[in-house]
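Note sheet for the following structure.
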Amino acid sequence: MTSEKAATAQSNKFKKRFVSPKACKSEPEVSILPCVLHYNIVKVRQIVYHKHKLYIAMDCAMDTLEDVFETVRVGTRVRFTDERIRGYMMDIMEGVHAIHSKLYMHCDINPENILRFDNKRLKIGDFGSAQVIANEERLHSYEGARSYRAPELTLGSLSYTEAVDIFACGCILAEFFLLEPIFQAKTSKEIFMAQCKILGTPSEEDWPEGYILADSDDFDIPYYPRNEPVADRLMALIPEISPQCADLLSKMLEFNPK
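Residue 1 is where the sequence shown starts when you use the UniProt record's numbering, and the numbers rise one by one after that.
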């Protein structure tokens with residue numbers, strides 16, 4: 001029996017009450033997650049409505065990517081090899097591609113929502129914030145983990161696209177080397193300022209939508225000159241990263257999502 005078939009199930013209990021089984025269908029983990037069948041997406045085993053409560057049984061993971069990061073931080077596990085980083089990122093990106101190919105976006109890609117199973121493979125879980133790509137205007141503001149938010153999200157955009165998932169994946173790629181979030185701050189605006197400081201401030205010509213967002217919120221975009229390519233800035237920040245990986249990371253961490 002394969003580990004996939006032998007995996008035990010865990011129940012994810014929603015705290016809120018539902019008036020009927022039909023009302024549960026608005027939850028992304030009911031309407032979206034079961035539609036994305038892929039090796040790198042956590043599998044729904046059963047959905048149960050009982051006494052106005054919703055339960056979702058899923059495959060049981062060993063731990064999360066955040067747990068793995070923590071074991072390396074405290075020294076109980078060796079740092080990631082290039083091969084391991086490549087394998088883990090392939091798992092994550094394959095999962096994200098599967099979500100986007102079904103015309104959905106996850107909207108909360110971060111290490112705590114990346115699950116690790118007994119075969120060392122990673123799978124994306126927690127679809128509670130997932131949305132349909134086709135909706136041009138979001139019904140609510142982005143609520144994903146702050147350190148993994150794309151620039152347009154830190155400025156309060158409600159017109160974001162699946163590009164926010166790619167930016168978050170870039171943040172995770174950097175974290176494999178840094179062992180801490182590449183952008184850290186207490187507020188969304190401070191995260192944006194950290195992004196400008198590390199990546200260099202984009203010009204208004206390069207990202208007009210960003211400047212419009214900032215103006216609408218009476219926010220002055222901080223100026224950090226880009227005197228060298230973003231990939232070079234990343235190599236200075238992460239000495240262990242290869243030129244090829246730094247180039248890829250610079251493309252994932254673009255300010256302009258278009």
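Glycine included, every Cβ here is placed at the ideal spot set by N, Cα and C.
Leaving aside the five residues that flank residue 170 on each side, the residues in its chain whose CB is nearer than 7 Å to its CB run, in chain order, 249, 252, 253.
Annotation for residue 253: no beta strand (DSSP E) segment contains it, and DSSP assigns it neither H nor E. Residue 62 and residue 159 have their C-alpha atoms spaced approximately 36 Å apart. The bridge partners DSSP lists for residue 50 are 53. Restricting attention to alpha helix (DSSP H) runs no shorter than 4 residues, the segment 114-191 encloses them at 151-154, 163-178, ordered along the chain. Nearest Cα to residue 239 within the set 177, 128, 204: 177. Taking the C-beta atoms as reference points, residue 29 is found nearer than 8 Å to residue 128. In the structure shown, the three-state DSSP call for residue 232 is helix. Each residue's CA atom was taken as its position, placing residue 27 and residue 40 some 21 Å apart. In terms of CA proximity to residue 234, 197 leads the group 256, 122, 197.
Residue ranges of uninterrupted alpha helix (DSSP H) with 4 or more members, entirely inside the segment 72-116 and ordered along the chain, are 82-101. The C-alpha of residue 80 lies about 25 Å from the C-alpha of residue 185. Counting of Cβ neighbours within 10 angstroms places residue 118 among the exposed residues, the total staying below 16.
Within its own chain, the residues whose Cβ lies closer than 7 Å to the Cβ of residue 113, once the five positions on either side in sequence are excluded, are 124, 125, 126, listed in chain order. Using a Cβ distance threshold of 8 Å, residue 21 and residue 55 do not count as a contacting pair.
Going by C-alpha positions, residue 165 is about 10 Å away from residue 97.
Considering only 93, 257, 132, 211, the residue with the shortest C-alpha distance to residue 38 is 93. In the DSSP annotation of this structure, residue 61 is not part of any alpha helix (DSSP H), being labelled neither H nor E. Judged by DSSP secondary structure, residue 213 falls within the alpha helix (DSSP H) whose first and last residues are 208-216.
When the five nearest sequence neighbours on each side are left out, the beta carbons in the same chain lying within less than 8 Å of the beta carbon of residue 134 are those of 103, in order along the chain.
In the DSSP assignment, residue 41 forms a beta bridge with 124.
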